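A.B. asks: If you read the sequence shown in my numbering, its first letter stands for residue 2, the second for the next number, and so on. Don't be surprised by glycine CBs; every beta carbon is placed ideally from N, CA and C. The model shown is predicted, which means the values in this text are computed figures rather than measured ones.
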Amino acid sequence: MPTITVSEQFNCSPEIAFAVLKDFENTPEFIDGIINSTMLTEGPIDVGSRFRETRIMMGREADEEMEITELQAPSIIKLYAFSRGTEYHTTYEITRNENGAKVTLIFQPKPKTLMAKVMSALFSRMVGQVADLLQKDLRDAKLEAEKRQEQA
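1) Can you say whether G60 is buried or exposed, counting buried as having 16 or more other CB atoms within 10 angstroms of its CB?
2) Are the CB atoms of V7 and L135 nearer to each other than 8 Å?
3) Using DSSP's beta-bridge definition, name the partner residues of P112.
4) Are there three or more Cβ pairs, one per stretch, closer than 8 Å when the stretch 67-77 is compared with the stretch 48-58?
5) Tell me the DSSP secondary structure of K79 in three-state form.
6) Quick check: the Cα distance between M116 and Q109, rounded to an integer number of angstroms?
7) Can you list, in chain order, the residues of its chain whose CB lies under 6 Å from that of Q150, leaving out five sequence neighbours each side?
Laid out in structure tokens, this is it:
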């Protein structure tokens with residue numbers, strides 16, 4: 002599956018956009034596709050923090066364990082997951098602009114095993130569905146960020 006990139010304009014400060022995007026514990030409250038999120042590490046969210054996310058994918062529940070590999074407030078969040086022979090790298094880039102913040106999500110699956118490479122080729126036809134799902138997640142996060150901006 003190729004790299005997928007989606008973007009959304011957030012009408013809030015980059016700081017609020019960053020805070021919402023790294024609020025992994027509470028994502029089920031504002032991202033429709035996520036039904037559960039559990040922190041696996043204690044303490045403040047930082048590089049090395051891990052969490053498990055449960056979401057509905059293609060009509061089924063899917064659990065993924067993710068680790069934060071980079072945090073640069075308020076501009077970069079990077080996540081890593083390894084599942085079923087594939088590495089998943091997700092990057093959120095937050096750029097200040099005249100209307101608030103442009104958020105770009107970059108999703109990079111990298112199959113590492115033969116079976117994962119075969120499955121990746123089969124699932125390449127589903128790129129559009131995955132892109133739509135990621136865009137919906139960003140729109141849900143945007144609504145939450147704009148709500149928090151109004152409350153600030």
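C.D. replies: Quick look at the numbers:
1) exposed
2) yes
3) T87
4) yes
5) strand
6) 18 Å
7) C13, I17
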